Amino acid sequence: MPQQVRGVIARVKDAPVELVNISIPDPGPGEAVVAISACGVCHTDLTYRDGGINDEFPFLLGHEAAGIVEAVGENVDTVEVGDFVVLNWRAVCGKCRACKRGRQQYCFDTHNAKQKMTLEDGTELTPALGIGAFADKTLVHAGQCTKVDPTADPAVVGLLGCGVMAGMGAAMNTGAVTRGDSVAVIGCGGVGDAAIMGSRLAGANKIIAIDRDARKLEWAIGLGATHTIDASEVDDVVEEVQELTDGFGTDVVVDAVGRPETWKQAFYTRDLAGTVVLVGVPTPDMTIEMPLVDFFSRGGSLKSSWYGDCLPERDFPMLVDLHMQGRLPLEKFVSERIALDDVEQAFVTMHRGEVLRSVVIL
Numbered sequence: 001m002p003q004q005v006r007g008v009i010a011r012v013k014d015a016p017v018e019l020v021n022i023s024i025p026d027p028g029p030g031e032a033v034v035a036i037s038a039c040g041v042c043h044t045d046l047t048y049r050d051g052g053i054n055d056e057f058p059f060l061l062g063h064e065a066a067g068i069v070e071a072v073g074e075n076v077d078t079v080e081v082g083d084f085v086v087l088n089w090r091a092v093c094g095k096c097r098a099c100k101r102g103r104q105q106y107c108f109d110t111h112n113a114k115q116k117m118t119l120e121d122g123t124e125l126t127p128a129l130g131i132g133a134f135a136d137k138t139l140v141h142a143g144q145c146t147k148v149d150p151t152a153d154p155a156v157v158g159l160l161g162c163g164v165m166a167g168m169g170a171a172m173n174t175g176a177v178t179r180g181d182s183v184a185v186i187g188c189g190g191v192g193d194a195a196i197m198g199s200r201l202a203g204a205n206k207i208i209a210i211d212r213d214a215r216k217l218e219w220a221i222g223l224g225a226t227h228t229i230d231a232s233e234v235d236d237v238v239e240e241v242q243e244l245t246d247g248f249g250t251d252v253v254v255d256a257v258g259r260p261e262t263w264k265q266a267f268y269t270r271d272l273a274g275t276v277v278l279v280g281v282p283t284p285d286m287t288i289e290m291p292l293v294d295f296f297s298r299g300g301s302l303k304s305s306w307y308g309d310c311l312p313e314r315d316f317p318m319l320v321d322l323h324m325q326g327r328l329p330l331e332k333f334v335s336e337r338i339a340l341d342d343v344e345q346a347f348v349t350m351h352r353g354e355v356l357r358s359v360v361i362l
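Under the UniProt record's numbering, the first residue of the sequence shown carries the number 1, and numbering increases by one thereafter.
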């Protein structure tokens with residue numbers, strides 16, 4: 001029988017979110033119902049609310065979540081009722097051309113639940129990133145559930161479901177940061193700071209945090225940055241980075257902002273044959289114009305990172321284990337714990353740059 005639970009929806013573009021009753025169907029083949037324990041408030045949820053993703057309103061928001069599997073449908077053998085899981089939005093198919101070539105992180109046919117959650121009047125909801133976890137319970141594809149250590153704090157490890165994994169993976173997977181590397185990270189919000197943490201974990205010996213907000217630069221130091229540059233107080237960020245790297249630039253630069261001006265900074269901030277990783281999400285109207293000869297003469301790699309090029313079943317358990325061993329301070333990303341009806345205010349707090357993550361506790 002379908003269940004009635006609470007959920008936070010964006011009904012129309014640019015309107016405040018609403019806490020309403022929604023209907024969760026019983027799981028069908030390959031699906032699971034998960035009782036949500038905690039869910040982080042990500043900027044992507046705000047982008048959904050403001051119509052920046054698509055116009056498939058109403059949206060059921062929330063996607064950085066952890067919880068307990070409550071029910072599973074037929075043909076599910078990867079998780080069981082009672083499992084503690086972190087949800088992901090890249091459940092790989094295992095059959096597409098990328099998966100068959102051993103590149104599952106680029107899967108071209110990822111899975112979501114086929115059934116729809118609805119409002120009480122039957123209106124179908126579009127779950128944010130195929131998850132929709134600002135709710136007491138949600139329906140997902142079983143492949144979106146990754147089992148992790150059940151003793152972990154769901155408010156902390158749930159953040160691996162999006163922003164923290166995106167940032168750490170941008171450095172460790174896409175950028176292939178390794179011991180002795182120098183790294184610059186442009187934009188020190190949640191994703192940028194996660195890239196800093198990932199760079200530190202990978203053994204980088206110089207990690208330069210770049211932002212226009214002194215408070216964010218302080219957070220960056222706490223998460224592993226060795227140097228900071230306040231972009232609001234210098235004339236040329238590229239020159240500042242070069243001064244910190246003997247005039248060469250860094251081996252890897254992560255652009256966690258995703259604007260033409262920050263990408264250009266990243267391009268010229270790297271050393272010859274260095275790597276640029278774009279993990280900040282640009283808007284469709286953004287364009288860039290640069291001399292083609294600069295691409296040829298500087299060499300190296302220009303990459304984009306989607307979800308940190310992660311494989312949830314590989315990366316989530318490993319990172320949770322490192323956290324539980326005290327080697328990965330994921331708890332530093334949790335700025336505040338809030339109730340389900342505080343999501344709209346959390347968007348305001350996030351927009352002001354006052355938090356790394358607000359986390360809804362259910």
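Glycine included, each C-beta is placed from N, C-alpha and C at the ideal position. Nothing here was measured: the structure is a model prediction, and the numbers come from that model.
It is roughly 17 Å from the alpha-carbon of W219 to the alpha-carbon of D255. DSSP lists V20, A135 as the bridge partner or partners of G7.
Nearest in C-alpha terms to G161, of all of L311, V17, I208, is L311. Contact check for E31 against G82 fails: the beta carbons are separated by 8 Å or more. When only Cα atoms are considered, L139 and M1 end up about 13 Å apart. With contacts defined as CB atoms closer than 8 Å, G249 and G224 fail to qualify as a contacting pair.
C-alpha of R11 to C-alpha of H63: approximately 17 Å in a straight line.
According to the DSSP assignment, R270 belongs to the beta strand (DSSP E) that extends over 270-278. Between P260 and the set P282, E240, W89, E243, the nearest pair of CA atoms involves P282. I22 and K332 have their alpha carbons spaced roughly 33 Å apart. If you look at R337, you'll find it isn't in any alpha helix (DSSP H); it sits in the beta strand (DSSP E) that goes 336-338. Annotated three-state conformation of T146 is strand, per DSSP. When DSSP states are grouped into helix, strand and coil, P29 belongs to the coil group. The C-alpha of S199 is placed about 14 Å away from the C-alpha of I210. In the same chain as D315, and ignoring 5 residues on each side of it, no C-beta atom comes closer than 6 Å to its own.
In the three-state scheme derived from DSSP, where H, G and I count as helix and E and B as strand, E243 is classed as helix. Between K137 and E70, the gap from beta carbon to beta carbon is short of 8 Å.
The three-state secondary structure of I221, taken from DSSP, is helix. When L278, T78, T44 are compared, the shortest CA-CA separation from V343 is found for T44. In the displayed model, A166 falls within a helix according to three-state DSSP.
Beta-bridge partners assigned by DSSP to P127: L60. In the structure shown, the three-state DSSP call for S199 is helix.
The Cβ neighbour count for A194, taken over all protein chains shown within 10 Å, is at least 16; the residue is labelled buried. Counting the other CB atoms within 10 Å of its CB gives Q4 a total below 16, which places it among the exposed residues. A contact between stretches requires three or more CB pairs, one per stretch, nearer than 8 Å, and the region 164-182 fails this requirement with the region 107-117. Straight through space, the alpha carbons of G28 and Q115 are spaced by roughly 7 Å. The Cβ atoms of S305 and G169 sit closer than 8 Å to each other. When DSSP states are grouped into helix, strand and coil, L311 belongs to the coil group. Where V157 is concerned, the enclosing alpha helix (DSSP H) starts and stops at 154-157. Within a 10 Å sphere around the beta-carbon of K216 sit 16 or more other beta-carbons, which makes this residue buried. Judged by DSSP in its simplified three-state form, G180 adopts coil rather than helix or strand. By the neighbour-count definition (other C-beta atoms within 10 Å, threshold 16), A202 is a buried residue. Of the residues L19, V34, V20, the one whose Cα lies closest to the Cα of D26 is V34. Shown here for Q104: same chain residues with a beta carbon closer than 6 Å to its own, the five before and five after excluded, namely V92, L311 in chain order.
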